[in-house]
Amino acid sequence: MKDFDEYCECARDNFCNFVQNSDKYTPEESSYLVENSLGKGVSKIFRVGYILIVWSFVAVWIDNILIPGAAGYTFIQREISWATAIPIIFLVTNATLKAIFIKWRLKNQISIGGAYLASVPYIGFAFLLKSQFKTDKLLYIAAKDYFLYQRVVIKNSVKSFFGFNKQTGVS
């Protein structure tokens, strides 16, 4: 019965499907990856990572507008005020909320310190992948391959949404 349950769980798991349908891995490697990914919740780690990426895309505008603006204001006025403090408070609050979210979603898979490191803007997801798969080189490589594959899928979806992939029929 375990094989059937594992098969059903794998059929619902995107990473598991990716590994099984990839020509890059031998059947033994594929079996190993499927068995180990289901136990480690690799797809859950990727979902957290995707949320962190979207979160960073939203926060980047605040980081690129408020923080330099506050630094400029402080430089021109030669004093520290609420205009300076608000972006710093946002930065600390944002990192704390990300760390709480990561710890809540991954529970015992990550330490509190690891959750804070994973909350670092723009590079936190890379740390998250490395910290979760550092002891298993093959799983780490497969996770990176899957992430790169998903990046292409998302990029093609966005292009398609905006009509950039349409063929004009003109050579």
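Quick note, the sequence shown lines up with residues 160 to 330 if you use this note's numbering. For glycine and all other residues, C-beta sits at the position ideal for the given N, C-alpha and C.
**Study point:** Contact check, V201 vs F174, beta carbons under 7 angstroms
**Key:** For V201 and F174, yes; Cβs fall inside 7 angstroms.
Review point. Where does V279 sit, in a helix, a strand or coil, going by DSSP?
Key: Here DSSP, grouped into helix, strand and coil, assigns V279 to coil.
Practice item. Please go through the same chain and pick out, in chain order, the residues whose beta-carbon is closer than 6 angstroms to the beta-carbon of I204, but skip the five residues on each side of it. Key: Hits under 6 angstroms: Q291.
Exercise for review: Grab the span of the alpha helix (DSSP H) containing T294 for me, first residue to last.
Suggested key: Going by DSSP, T294 is part of no alpha helix (DSSP H) at all; its letter is neither H nor E.
Review point. What's the call for L307, buried or exposed, on a 16-neighbour Cβ count within 10 Å?
Key: So L307 counts as exposed.
Point to revise | Same chain only: Cβ atoms within 8 angstroms of I245, ignoring 5 sequence neighbours per side | key: Here the set comprises L225 and A229.
Point to revise | Cβ-based neighbour list, N195, same chain, cut-off 6 angstroms, excluding 5 preceding and 5 following | key: Closer than 6 angstroms at Cβ, skipping near neighbours: L298.
Practice item. Look up Y184 in the DSSP assignment and say whether it is helix, strand or coil. Key: In this structure, DSSP gives Y184 a state outside helix and strand, which the three-state scheme calls coil.
**Study point:** Distance CB(A242)-CB(I261) smaller than 7 angstroms
**Key:** In this structure, A242 keeps its C-beta atom at 7 angstroms or more from the C-beta atom of I261.
Exercise for review: Output the boundary residues of the alpha helix (DSSP H) element that contains K257.
Suggested key: Per DSSP, K257 belongs to the alpha helix (DSSP H) from W241 to L265.
Review point. Which word fits Y281, buried or exposed, when buried means at least 16 other C-beta atoms lie within 10 angstroms of its C-beta?
Key: Exposed.
Check your understanding: Does the separation of the CB atoms of A301 and V178 fall below 7 angstroms?
Key -> A contact, by the Cβ cut-off of 7 angstroms.
Check your understanding: Mind checking whether G208 and F286 have CB atoms under 7 angstroms apart?
Key -> Cβ distance not < 7 angstroms, so G208 and F286 don't count as in contact.
Practice item. Would you please state the rounded distance, in angstroms, between the beta carbons of K278 and K257? I believe it to be under 8 angstroms. Key: This sequence places Ser at residue 278; Lys is not what is there. With a Cβ gap of about 3 angstroms, S278 and K257 count as contacting.
Review point. For S215, which option in E187, A254 and R264 has the closest C-alpha, if you only look at C-alpha atoms?
Key: Looking only at E187, A254 and R264, the smallest Cα-Cα distance to S215 is reached by A254.
Review point. Taking just the CA atoms, how far does I248 sit from R310?
Key: Cα-Cα distance, rounded: 32 angstroms.
**Study point:** Where S215 sits in the DSSP three-state scheme
**Key:** Reduced to three states, the DSSP call for S215 is helix.
Review point. Which value, in whole angstroms, describes the spacing of the CA atoms of P186 and F321?
Key: Whole-angstrom Cα-Cα distance: 38 angstroms.
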